[in-house]
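Protein chains in written order, with the numbering used here: chain A, -7 to 302; chain B, 330 to 795.
Think of the CB as a built atom: it goes at the ideal place given N, C-alpha and C, for glycine as much as any other residue.
Here the structure is a predicted model, which is why all the values come from computation and not from measurement.
Notes follow once the structure below has been shown.
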Amino acid sequence: MLNNVLLDKASGLFIVIFGVLVLTFSLIHLVPGDPVEVMLGESVTQTDRQALRADLGLDQPLIKQFGGYLNSVAHGDFGLSIHTKTPISQLIKTHYPATLKLALLALFIGASIGIPLGIYVALKAGKWQDFAITIISVRLSAMPAFWLGPILMLVFAVWLGWLPVSGMDRGTSIILPALTLGLGLSAILTRMTRTSLLEVLNDDYIRTARAKGVKETTVILRHALRAALLPIITIVGLQMGSLLAGAVITETIFSWDGIGRLLVESIEKRDYPVTQACVLVVALSYVLVNALTDIIYRLADPRIKFGGNA
Amino acid sequence: MLVACGGQVSHDETIRFAVAQAPLNLDPRYATDAASERVNRLIYQSLVDFDASSKPVPSLATWVHSGSLEYRFSLNKQRSPFHNHQVLSASDVKATYDSFTSLKNSPHAAEFSNIATITIIDDDTLVFKLKQPDPHFPEKLIIGVLPAEFIAEDHDFSHQPMGNGPLQFISWGNKLALQRVVDKQRIELVEVKDPTVRVLKFLRGEVDLLQGDLPPELVKYLQSKPEIKVISNIGSNFSYLGFNFQDAVLRNTKVRLAVAHAIDRNAIIKSVMVNDSRTATSIFPPEHFTSKIPLKQYDYNPVLAKQLLKEAGLQLPLKLVYKTSTDAQRVRLATIMQAQMAAADIELEIRSLDWGTFFDDVKQGKFQLYGLTWVGINTPEIYSKAFASESFPPNGFNRGHYSDSKLDSLVKKEDWAAATKRIHEQLPYVPLWYEGQFAAMRKDIEQYFPKPNGNWDNLATIKYAH
Chain A
-7 MLNNVLLDKA SGLFIVIFGV LVLTFSLIHL VPGDPVEVML GESVTQTDRQ
43 ALRADLGLDQ PLIKQFGGYL NSVAHGDFGL SIHTKTPISQ LIKTHYPATL
93 KLALLALFIG ASIGIPLGIY VALKAGKWQD FAITIISVRL SAMPAFWLGP
143 ILMLVFAVWL GWLPVSGMDR GTSIILPALT LGLGLSAILT RMTRTSLLEV
193 LNDDYIRTAR AKGVKETTVI LRHALRAALL PIITIVGLQM GSLLAGAVIT
243 ETIFSWDGIG RLLVESIEKR DYPVTQACVL VVALSYVLVN ALTDIIYRLA
293 DPRIKFGGNA
Chain B
330 MLVACGGQVS HDETIRFAVA QAPLNLDPRY ATDAASERVN RLIYQSLVDF
380 DASSKPVPSL ATWVHSGSLE YRFSLNKQRS PFHNHQVLSA SDVKATYDSF
430 TSLKNSPHAA EFSNIATITI IDDDTLVFKL KQPDPHFPEK LIIGVLPAEF
480 IAEDHDFSHQ PMGNGPLQFI SWGNKLALQR VVDKQRIELV EVKDPTVRVL
530 KFLRGEVDLL QGDLPPELVK YLQSKPEIKV ISNIGSNFSY LGFNFQDAVL
580 RNTKVRLAVA HAIDRNAIIK SVMVNDSRTA TSIFPPEHFT SKIPLKQYDY
630 NPVLAKQLLK EAGLQLPLKL VYKTSTDAQR VRLATIMQAQ MAAADIELEI
680 RSLDWGTFFD DVKQGKFQLY GLTWVGINTP EIYSKAFASE SFPPNGFNRG
730 HYSDSKLDSL VKKEDWAAAT KRIHEQLPYV PLWYEGQFAA MRKDIEQYFP
780 KPNGNWDNLA TIKYAH
């Protein structure tokens, strides 16, 4: 059964990747700005321009360019960056692990704060703790990274001197960008855990468990939380997908050389091959995380059968 | 190496320089962005450079115009060797300039297409023979010299530069590490895009030097810090507002004059620009060798501006679209100009676009008004490229399609004073200002001064006071 699901997901994955390739290729050629102009500037002859255009294959019909691109990608060759002449696979190899590391730590921070806090406020529903934490979490989730990031830098780096402001030089450099991303995520998870848990806490089987004298901790953690976990897993999966898509602003502010920063810079410089490769990697991450979420979802809830309907 | 110490980290002997934009390409034959050119000036040495008045002066070599089509260059006897200790000779110069003929994608190749032959006389002397006479040929030889042996091996200069300049390349990962040849002083360039983060890193002690690219309020904040030294200097980079002459309304000189009188440059400089910023009247600042006659400022006079628009027979308010980049300071300046122009009954609509889209629109003439800055312009050849009738894109930078036979003939005669005056009267650009330059550094750093064109040349002398 699990094999069927994986097969199903894999075929979906191919369709999505092909769609992404078609879309990015078409869209990037519609955006104003010409890489040849960006590379050569304005003081070159028309002949030189045409020579470079031919050299980059940009003089070919779009469909032919797309065919060539598909062929290269199928062979794992993303080509060279137009600007830095660096192999793009090398750029992805250096930038993607940085994003992955940041995303995992942000997720860990978000989940380890958000889920316990969500349980706590669900148990204190309607009391002052519930209101206070709800207000804080709404505020946190509304804080943009370009504001929260510098505030964290000011407090933890400049005033307290505990952590570096930005960069990737030291092991501790990851803490502030991960906190910037993780705090927002924790606020979302707090709200989601609270709502989800409150829904199941009034269910008959919880009442039955309590009537049978099961300990309250067991009722919450073993019975209620397991049922409430499904929407939380969905949110975690979606957020993880977004984080792997590159937290563009956070990576830029913290000079974190991740995939998001690479993507934005390639768009600014009209470095078409880099942009296409980044979008493909991001899309692939998104699809893989969603597939993984789906599998975890089914494992967490035995009512959802592999390969069938619930 | 870095130790937390009450919010401030102690430094080793390395000087860390935070820049808004890291260099893109360290091969001087390809580099076009300002950061790459600024670093390449330090890694390589060119035959010719410019003095403070922008006149070409010998750098690696002296020259004589040995015939109408010939220039003879003699390399300095005391020149530095390449960083691999190999002696720099005339064959390296020849190989560098010869390589442009085989490079398909060098933005500078066209500059050297007039070279017919390069003949080596001896290790220290070579002759450039041209196809057509060009009295300004030496001014073009500002590309750093590369070792011939490395060129032959198709060495990757873009990522592993090898020159004979004062700074030697060490490594390039998420920072660019360089080392000064004379005393092994290590200098690192760190890219920090966000200006606030750059200042926070500076306050924290993670970097030791900043130059330019900060909003004036952050500069003022740094000036208030006793442990920080902020040095400012006049600037020479020219900011302007360009008109599109394909637009029937803007072809009218009175309308352009009205726009010029509708901007209060002095108020803008005083309120939102850094120290030492100056109003501009032409592309070249007063200290440039062509700036002999002082030109009159276009004063802020909204009443006169309105009068001029009425005389032009326009229905008021006049609606104009101004394109600029998304840079926060550029948008802020545009907003102020919008408010000032409103007093002259000019309704300015601001469209801020990402750099690629904005610059593409400018090059394609898809604008009414746009704002840009000319950076590091030395030679009056710019008049021909920016204003001559034959220089419409893609043949030059005449993006507004300005065409004036009188100016064309003045430029051809190289009567720079008269050409400057003509441009001032005709207003293809509204001259705005030369933005001041500044550098912020720790108190114990010495021998660093910002250059008027924003170059980082003093990285060759910067040091800690001990």
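DSSP three-state call for B/GLU546: helix, strand or coil? helix
Taking the C-alpha atoms as reference points, what is the distance between A/SER125 and A/ASP161? It is Ile, not Ser, that sits at residue 125 of chain A in the sequence shown. The straight-line gap from Cα to Cα measures roughly 35 Å.
Under 9 Å between C-beta atoms, does A/HIS75 make it to chain B? yes
Could you compute how far the alpha carbon of B/ALA333 sits from the alpha carbon of A/SER165? Note that B/ALA333 has pLDDT 38, beneath the 50 cutoff, so the model's placement of it is unreliable and the number below is only indicative. So the two alpha carbons sit approximately 13 Å from each other.
Along the chain, which unbroken stretches of the beta strand (DSSP E) at least 3 residues long are found entirely within the region 187 to 231 of chain A? none
Starting from the beta carbon of B/SER487, find every residue of chain A whose beta carbon is closer than 8 Å, and list them in chain order. THR76 and LYS77
Under 6 Å Cβ to Cβ from A/SER277, same chain only, skipping five residues before and after it: list those, please. LEU236
So does the region 506 to 522 of chain B actually touch the region 453 to 470 of chain B, counting three or more Cβ pairs closer than 8 Å? no
Determine which residues of the region 157 to 170 of chain A have a Cβ less than 9 Å from any Cβ of chain B, and write them out in chain order. VAL157, SER158, GLY159, MET160, ASP161 and ARG162
Should A/GLU260 be flagged as near chain B, meaning a C-beta pair shorter than 9 Å? yes
In chain B, what lies closer than 7 Å to A/MET145 by C-beta? VAL526 and LEU529
Anyone know if the C-beta pair for B/ILE675 and B/PRO646 falls short of 9 Å? yes
According to DSSP, is B/HIS394 helix, strand or coil? strand
Which two residues bound the contiguous alpha helix (DSSP H) that contains A/THR126? 120 to 134
Here's a check: name, in chain order, each residue in its chain whose Cβ is nearer than 6 Å to the Cβ of A/GLY159, leaving out the five neighbours to either side. SER165 and SER247
Expressed to the nearest angstrom, what Euclidean distance is found between the alpha-carbon atoms of B/VAL578 and B/PHE726? 22 Å
Check the Cβ of A/ALA149 against every Cβ in chain B and list those closer than 7 Å, keeping chain order. LEU529 and ARG533
Residues within the region 657 to 690 of chain B neighbouring chain A, beta-carbon criterion of under 8 Å: ASP683, TRP684, GLY685, THR686, PHE688, ASP689 and ASP690
Going by DSSP, what residue range makes up the beta strand (DSSP E) through B/TYR629? Neither: B/TYR629 is in no beta strand (DSSP E) and is coded neither H nor E.
Mind pulling the chain A residues with CB within less than 7 Å of B/ALA746? In chain order: nothing, as chain A lies at least about 25 Å away.
Looking only at C-alpha atoms, which of B/VAL519, B/GLU366 and B/ASP485 sits nearest to B/THR343? B/VAL519
Along the region 513 to 524 of chain B, what residues have a CB closer than 8 Å to any CB found in chain A? VAL519, GLU520, VAL521, LYS522 and ASP523
Roughly how many angstroms separate the alpha carbons of B/LEU649 and A/GLN121, rounded to a whole number? 56 Å
Just to confirm, are B/VAL584 and B/LEU637 a CB contact at a threshold of 9 Å? yes
Any idea what DSSP makes of B/ASN784, helix, strand or coil? coil
Bridge partners for B/TRP501 per DSSP, in chain order? B/LEU505
Pull up the CB-CB distance for A/VAL113 and A/ARG186, whole angstroms please, since I reckon it's below 8 Å. 5 Å
Are B/LEU788 and B/ILE560 closer than 9 Å when you measure CB to CB? no
Taking 9 Å as the cut-off, decide whether the C-beta atoms of B/ASN443 and B/TYR359 are in contact. no
Evaluate B/PRO781 with the Cβ neighbour count: other Cβ atoms within 10 Å of its Cβ, from every protein chain shown; 16 or more gives buried, anything less gives exposed. buried
Considering only residues of the same chain and omitting the five flanking positions on each side of B/LEU295, which have a CB-CB separation below 8 Å? Only positions 330 to 795 of chain B appear in this structure, which leaves residue 295 of chain B out of reach.
From the DSSP output, in three-state form, read off B/ASP451 for me. strand
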